[in-house]
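>
Residue numbers (our numbering), protein chains in the order written: chain H, 1098 to 1209; chain Y, 62 to 175.
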């Protein structure tokens, strides 16, 4: 079963902040975040490997709560270029599987 | 460095016609390989994945099939396309042997069945 993301969609003005959540009913071994522009393939943003880990790149950061089986993506002072659909992704690392699935997605639109 | 090639970029096929989409990865060996489908405005649905040559796991029952004839080649096929097969098809690869694996995507194939 795929992770559920919330919200499904969000509209921001430039400079505003947003939080995207990813929640799984199964254990998360690692969480990965992607952004997909319209008509293009998803692009990897960052990986979180263990519970409690937080990462950041420019004004985009993420956290991973292993116990709650959740991850959140934080977009600070959003820019027009942040528009797109965000997906969390996760893999079951059990040897011989490595089934890789994505969350339900969050559409984000940043307005000038 | 690793690269992934997927072709064609766009395809228009009549209902009932066959399909063959090909994906190849360069610069790595024994990758995990994946096929996803994305309907317009929707999420990424995992169709097939493979951890080795000839090893295919199917996630969704449908009229599609996948094959991995070589280590870095992944093929998606159909004998007879349905209108519902239209969508954006994405091939992806990830590193094997680690729980930290994440996915790299090909450019995608936009398939329209008419």
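Think of the CB as a built atom: it goes at the ideal place given N, C-alpha and C, for glycine as much as any other residue.
Owing to the predicted nature of the structure, the values given are computational and were not obtained by experimental measurement.
1. My understanding is that residue 1187 of chain H touches residue 1129 of chain H, with C-beta atoms under 8 Å, so please give their C-beta distance in whole angstroms.
2. Please go through the same chain and pick out, in chain order, the residues whose beta-carbon is closer than 7 Å to the beta-carbon of residue 1145 of chain H, but skip the five residues on each side of it.
3. Using a Cβ-Cβ cut-off of 7 Å, state whether residue 70 of chain Y counts as contacting chain H.
4. Take residue 105 of chain Y and list the residues in its own chain whose beta-carbon comes closer than 6 Å to its own, dropping the five residues that flank it on each side.
5. Output yes if chain Y places a C-beta closer than 7 Å to the C-beta of residue 1129 of chain H; else output no.
6. According to DSSP, is residue 150 of chain Y part of a helix, a strand, or is it coil?
7. Following the continuous beta strand (DSSP E) through residue 131 of chain Y, name the residue where it begins and the one where it ends.
8. For residue 1105 of chain H, tell me which candidate among H:1181, H:1209, H:1141 and H:1150 has the shortest Cα-Cα distance.
9. When burial is assigned at 16 or more other CB atoms within 10 Å of the CB, is residue 1100 of chain H buried or exposed?
10. Determine whether the beta carbon atoms of residue 167 of chain Y and residue 65 of chain Y lie at a separation below 7 Å.
11. Are residue 102 of chain Y and residue 1138 of chain H touching if we call contact CB-CB under 7 Å?
12. Between the beta-carbon of residue 1116 of chain H and the beta-carbon of residue 1171 of chain H, is there less than 7 Å?
13. How many angstroms separate the CA atom of residue 130 of chain Y from the CA atom of residue 80 of chain Y?
14. In the DSSP assignment, find the beta strand (DSSP E) that holds residue 86 of chain Y and state where it starts and stops.
15. Whole-angstrom Cβ separation of residue 173 of chain Y and residue 73 of chain Y, contact assumed at under 8 Å?
16. Can you tell me which of the three DSSP states residue 1177 of chain H falls into?
17. From this set, Y:84, Y:69 and Y:95, which residue's C-alpha is nearest residue 156 of chain Y's C-alpha?
18. Identify each residue in the region 1146 to 1173 of chain H for which the Cβ-Cβ distance to at least one residue of chain Y is less than 9 Å, and report them in chain order.
In terms of the structure at hand:
1. Rounded, the Cβ-Cβ distance is 7 Å, consistent with contact.
2. Cβ contact annotation for residue 1145 of chain H (same chain, cutoff 7 Å, sequence separation greater than five): 1127, 1128, 1152, 1159, 1161 and 1168, in chain order.
3. Residue 70 of chain Y does not count as touching chain H.
4. Cβ neighbours of residue 105 of chain Y beyond the five flanking positions: 97 and 99.
5. For residue 1129 of chain H, a Cβ of chain Y is located within less than 7 Å of the residue's own Cβ.
6. Strand.
7. For residue 131 of chain Y, the enclosing beta strand (DSSP E) starts and ends at 125 to 131.
8. Here the closest residue by C-alpha is H:1181.
9. Buried, because 16 or more other Cβ atoms sit within 10 Å of the Cβ of residue 1100 of chain H.
10. It is a contact, given that the beta carbons lie within the stated cut-off.
11. Result no, Cβ atoms of residue 102 of chain Y and residue 1138 of chain H do not sit closer than 7 Å.
12. Yes.
13. If you draw a straight line from the Cα of residue 130 of chain Y to the Cα of residue 80 of chain Y, it comes to about 17 Å.
14. From DSSP, the beta strand (DSSP E) with residue 86 of chain Y extends over 80 to 87.
15. Correct: roughly 5 Å between the Cβ atoms.
16. Note: residue 1177 of chain H maps to helix in three-state DSSP.
17. It is Y:95 whose Cα lies nearest to the Cα of residue 156 of chain Y.
18. Only 1146 from the region 1146 to 1173 of chain H bring a Cβ to less than 9 Å from some Cβ of chain Y.
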